[in-house]
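Trainee: Have a look at the structure that comes next, please.
Here you go:
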């Protein structure tokens, strides 16, 4: 299984966890995993997570897709291949807009320290029309399962 949704005992309703298997070639000449690799790790986690949404909401191929509107990353710690062979990316939702979602992605050593924290804005997009498209009701409800905090997440 590429990733899984798990219920966490915290203020988050569900968290999507995506495993990352480091490769020796992920390190740069400074001896740590190159910072650009974190963008690849989180991209893989987003694509897998969105694939689960597509499968579970019945959304099929067509002119609509999801585009990356922005990405902000704070690096918290270096990662060295010699000490760490596995990471995981945790996906939760901070906010659902009419056609956007603010995704919180945490990269961590499994069960240990956070090594990077990212805020990513994704937009539902109609490629034929060339503009943002509102989330469908099923998509909003699915995204709502991952909203951080307590309450009716689907209504955010």
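Residue numbers (the UniProt record's numbering): 1 to 156. Even for Gly, the Cβ is constructed at its ideal location relative to N, Cα and C.
Helix, strand or coil, according to DSSP, for residue 118 in the structure here?
Mentor: Strand at residue 118.
Trainee: Please say whether residue 147 and residue 92 have beta carbons closer to each other than 9 Å?
Mentor: In contact: residue 92 and residue 147 (Cβ atoms closer than 9 Å).
Trainee: Quick one: grab the DSSP three-state call for residue 44.
Mentor: Helix, per DSSP.
Trainee: With 16 other CB atoms within 10 Å as the buried threshold, where does residue 127 fall?
Mentor: When all chains shown are included, residue 127 counts as exposed.
Trainee: Find the nearest neighbour of residue 27 within the set 64, 115, 79, judged by alpha-carbon distance.
Mentor: Per the Cα distances, 79.
Trainee: Just the Cα atoms here: how many angstroms apart are residue 32 and residue 118?
Mentor: Roughly 19 Å separates the two Cα atoms.
Trainee: Please state if the CB of residue 116 and the CB of residue 74 are separated by a distance shorter than 9 Å.
Mentor: Contact: yes.
Trainee: Exposed or buried, what is residue 129 when buried is set at 16 or more other beta-carbons lying within 10 Å of its beta-carbon?
Mentor: When all chains shown are included, residue 129 counts as exposed.
Trainee: Ignoring anything shorter than 3 residues, give me the beta strand (DSSP E) runs that lie fully in the segment 57 to 105, in order along the chain.
Mentor: As far as the segment 57 to 105 is concerned, its whole beta strand (DSSP E) runs of at least 3 residues are 64 to 75, 86 to 96.
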